[in-house]
Each structure stands twice: as C-alpha cells, then as structure tokens.
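What follows is one structure encoded as structure tokens, with my remarks underneath.
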Amino acid sequence: MSNINTILSALDNLTEKNSFEVYLPSLKRGVMFKPLTAGQQHLLYLCVSDNVVYHSKFIFITYDIIKENCLEQDLIDKLTVIDRIVILLALRKDILTSNILIESNGEQYLTNFNGSFDYAASVVLPENKTIERKNIQIELQVPLMLDQHGVEKELRVNSVNTLLPEDTIKDLIINESCKFIKEVYIDSEKINYSSFSYTDRLSIVSKLPADFMYDIQDYASEVNEIQTKLLSVKMEDGPELNFDLTVDFFLDR
1 MSNINTILSA LDNLTEKNSF EVYLPSLKRG VMFKPLTAGQ QHLLYLCVSD NVVYHSKFIF
61 ITYDIIKENC LEQDLIDKLT VIDRIVILLA LRKDILTSNI LIESNGEQYL TNFNGSFDYA
121 ASVVLPENKT IERKNIQIEL QVPLMLDQHG VEKELRVNSV NTLLPEDTIK DLIINESCKF
181 IKEVYIDSEK INYSSFSYTD RLSIVSKLPA DFMYDIQDYA SEVNEIQTKL LSVKMEDGPE
241 LNFDLTVDFF LDR
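Residue numbers (my numbering): 1 to 253.
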C-alpha cells in the first residue's frame, strides 16, 4: 500500500467503521458520527486565542467538525444547540474518556460526565411557541446549530472582545433573541425571517416591541436550563458541579 491516495482512502474507511451512535434529543433517536481525526483536533488549537465572550472560533470549528463527521448529512441544518452539546460531549468521550477535573470553590473534583448522556436520552425539548402582541406574531424555537454558527460567522468572523461590559450585555441579549426566532408575522403576513441576513435579523429584533423580549427570555430560560444540566455533574453526597464546553475540554486530559 504505497500509493498515498490508497492509504488516505483506507484511513477514511477505518474512521467510518469506527463511528459511534449519539442520541440526539431533537430527533429522539441515535445518529452515527465518525470520531475526531488528528487533523481536526489540531484545528481546535486555533481556538486558544478566541473571543472570550462569544467563543466564535470554537463555534466555527466545532460546527465544521460535526458537519464533516455526521453520517447523515441531510440532518445538519436541522440540529439544535442542544444536539450540538451532546455531540461534542460524545466526541470528547471517544478520544479522552468522560473523566474530567472540575474546580469549584478552591476544591478539585475528579469525576465524569456520563450522566449527561442519560439526561440527554430523557430530556424533552421545549416545543415551538407563538406569541402575539400589537398585530405582530413571533414563532419561537430551540435555536438551530446552523443559526448559532451563522451569527458568529457573519458578525464576528475575526473579532476580539472590545466591547464595554454594558455594551456586551446589550449585544448578547439581542444576539441570543435573534437565534430563538423562527418566523415573524406582521399583520398576519409572513416575512420569511430566515431569508434575511443575520445583520438584518438583528435589525428586525431591535425594532420589536420591548415586551416581546420578556417572552423570548422566558422561553430561552427553558433551553438554557437544559444546557446547564447537560454540562453539570451531581457528586454523590456532594455539590452539583458545572463544567464549561470550551476548547480546553478537548485538549486537557
């Protein structure tokens, strides 16, 4: 086997044979994913210098990895940010096991995140919700991984965190609200929200009546609670510990 193309093809075939199943909450079934390659893990080192607020590079790179490694390519645009967390946990477990060291209140705890997969298999995602005020209707959904990636790609492709704290909070609220909206109706007329650029979507959200923000944030809190539980470990006879899904999670043993 001296031909480079033959060697690479053989390695690709082995990678696919080593695929593993990940249960995705939005689909309520398992989907097969190829394990990380050395080249993909090397790309993660690019995230060491990242936007400290949005983690944009990490979002770009992990999106591309998930897209490349999923054996059902037609699903990629349908996957949610909840699915993304479960997939990344599974990819990390495959290469580094589920063992993690968590620091909390000056103490270190050696534990594992296997319970996250049990929770993912039982969790029920919030259903789409429609809210209406002043001749405006908004349909909310669990954010798609596609939109999470799209917002970062369009708005912060080469950014660093230069905003003041109060500007960062305002920016975060509008950005997150943008991702939760599936469709907007004005006087019962559908505007085809997803056809607009993310910059334009932010402009639309900024023009909505302010009281819509409370409903969006209430819906978002349900999704955020699920994300928090996926990234937490309940210690036996001890505290519940939270861990972060960042580049360090994939690079540290």
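Just so you know, even glycine gets a beta-carbon here, dropped at the ideal spot from N, CA and C. Because the structure is a prediction, the values reported are computed rather than measured.
- Annotation: the segment 41-105 contains the following complete segments of the beta strand (DSSP E) (minimum length 3 residues), in chain order: 99-104.
- V48 counts as exposed, since fewer than 16 other C-beta atoms from the protein chains shown sit within 10 angstroms of its C-beta.
- Annotation for Y54: E152, R156 place their beta carbon closer than 7 Å to its own, counting only its chain and skipping 5 residues before and after.
- Of the residues assessed, Q40 falls on the buried side of the cut-off, its CB having 16 or more other CB atoms within 10 angstroms.
- Each residue's CA atom was taken as its position, placing S104 and A210 some 37 Å apart.
- The residue from L71, I100, Q217, E132 with its alpha-carbon nearest to that of D252 is I100.
- By the neighbour-count criterion, in which 16 or more other beta carbons inside 10 Å mark a residue as buried, F60 falls on the buried side.
- In this structure L146 is not in contact with D200, their Cβ atoms being roughly 17 Å apart against a cut-off of 8 Å.
- Comparing alpha carbon positions, the residue from K34, P25, V184 closest to K134 is V184.
- Counting the other CB atoms within 10 Å of its CB gives R84 a total of 16 or more, which places it among the buried residues.
- Put simply, the segment 110-118 touches the segment 233-242. At least three CB pairs are less than 8 Å apart.
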